[in-house]
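Mapping of the sequence shown onto my numbering: residues 637 to 789, in sequence order. By construction, the Cβ of each residue, glycine as well, lies at the ideal position given by its N, Cα and C atoms. Everything on this sheet refers to the single structure shown next.
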Amino acid sequence: MEELSDNVYRFILSNIRDEELARDIVQDAYERLWMNCKKVDAKKVRSYLFTTAHNRMIDMIRKAKHEQKADVTPEVASPYHDDQYSDLSEVLESALSELNETQRSVLLLRDYEGYAYKEIAEITELSESQVKVYIYRARLAMKEKIGSIEAIV
Numbered sequence: 637m638e639e640l641s642d643n644v645y646r647f648i649l650s651n652i653r654d655e656e657l658a659r660d661i662v663q664d665a666y667e668r669l670w671m672n673c674k675k676v677d678a679k680k681v682r683s684y685l686f687t688t689a690h691n692r693m694i695d696m697i698r699k700a701k702h703e704q705k706a707d708v709t710p711e712v713a714s715p716y717h718d719d720q721y722s723d724l725s726e727v728l729e730s731a732l733s734e735l736n737e738t739q740r741s742v743l744l745l746r747d748y749e750g751y752a753y754k755e756i757a758e759i760t761e762l763s764e765s766q767v768k769v770y771i772y773r774a775r776l777a778m779k780e781k782i783g784s785i786e787a788i789v
């Protein structure tokens, strides 16, 4: 069970980049699992936790966006320093952060966590074909934002 909570935590953290908030979301997911333990099939615990955490994360992101609209601040400098910038991790994180919530979530679940399309569909409450489209579009957007790997390294 500890490995499962680590996976949920990493997934949420990679989406929101806030350790404390990620811990809170994982804790909320486990609390909801505990409250609904008689309703949740033991075989579906993994999917239930990811789905619950994902939905809670989306709620928090939407709430934060709503609060930000009231406090509009000008954009700061671009995360890309120059053409010779070589911190691949930062470049990838920056490109990921520019994806919308759904694209980022499905891409991370597929490429980072290794979930099958069907599992991602259950977690995100999308159809399997929608998941495939979002992943395809996210990968295209990432490729466009990053360019060729040779340009980064």
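Close-in-space but distant-in-sequence residues of the same chain around residue i (CB under 8 Å, 5 per side omitted)
i	result
A757	S763, E764, Q766, V767
I782	V727, L728, A731, I788
A774	L735, Q739, R740, V742, L743
L669	V676, V681, Y684, L685, T688
T760	T687, H690, T738, S741, V742, L745, V767
Collapsed DSSP secondary structure at residue i in the structure displayed
i	result
K751	In the sequence on display, residue 751 carries Tyr and not Lys. Three-state result, Y751: coil.
N643	helix
D654	coil
K674	coil
E729	helix
N691	helix
L735	coil
E761	coil
Heavy atom of the ligand MN within 7 Å of residue i beta-carbon
i	result
C673	This structure does not include the ligand MN; it has no bound ligands of any sort.
Chain-order list of residues whose beta-carbon lies under 7 Å from that of residue i (same chain, five-residue window excluded)
i	result
A649	The amino acid occupying residue 649 in the given sequence is Leu; Ala does not appear at that position. Around L649: E655, A658.
E805	In the structure as shown, the chain begins at 637 and stops at 789. Residue 805 is therefore absent and cannot be evaluated.
I771	V742, L743, R746
M693	I648, N651, I652, I661
A665	V644, L685, T688, A689, R692
R682	L640
First through last residue of the alpha helix (DSSP H) which encompasses residue i
i	result
A777	764 to 782
L744	Unbroken run through L744: none, as it is neither H nor E.
Contacting residues, own chain, Cβ-Cβ under 6 Å from residue i (five flanking each side not counted)
i	result
V712	Low confidence applies here, because V712 scores a pLDDT of 44, under 50, leaving its location unreliable and the question unanswered by this model.
Y751	L745
K779	none
I697	E737
Test: residue i CB closer than 8 Å to a CB of chain C
i	result
S765	The question asks about chain C, but that chain is absent: this structure has only one protein chain.
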